[in-house]
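Working notes, structure below.
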Amino acid sequence: MEEIRIPKLTSKQVEELCEIGEKAARDYISSKISHRRVSALDITIDAEGAKPITVNVDIEIVLSPLMKNYDAKGLVNEAKQKAFNAIEEYLRNVTCKSKE
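Numbering-wise (the numbering used here), the sequence shown opens with residue 69 and increments by one.
Structure representation (structure tokens):
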């Protein structure tokens, strides 16, 4: 990911950033697999530091035994990318608003 020059985020903005990333990942997974086929789903997004901010996305998924041939690892990687894309867009919007 490229470096985005952003102002120091407030605790509310960090919370929003994490929520946006989690929603993007969850929505992506839901768009690919019925929730009935997911036995367990845990999405954790951590944001550390101020300038620069470091964001970690961790997704653990356990699929139903009926999905034994499904590429869960690929799904997780794609969902992480969707989360990072949403976070990056959020940060770009924060940057634009801070320049106003």
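Glycine residues also receive a C-beta, built at the ideal position from the N, C-alpha and C atoms.
CB contact flag (residue i, residue j, <7 Å)
i    : j    : result
A93  : A140 : no
E84  : I113 : no
A115 : V162 : no
Beta carbon proximity, residue i to chain B, threshold 7 Å
i    : result
L159 : Looking for chain B here will not work: only one protein chain is present.
Helix, strand or coil at residue i according to DSSP, with G and I counted as helix
i    : result
S102 : coil
A107 : First, the residue type needs correcting, since residue 107 is Ser and not Ala in the sequence shown. If DSSP states are grouped into helix, strand and coil, S107 belongs with the strands.
D139 : coil
Span separating the alpha-carbon of residue i from that of residue j
i    : j    : result
I172 : L143 : The requested residue 172 does not occur in the structure, where the chain is confined to residues 69 to 168.
L77  : D95  : 25 Å
Q149 : M135 : 22 Å
C86  : P120 : 16 Å
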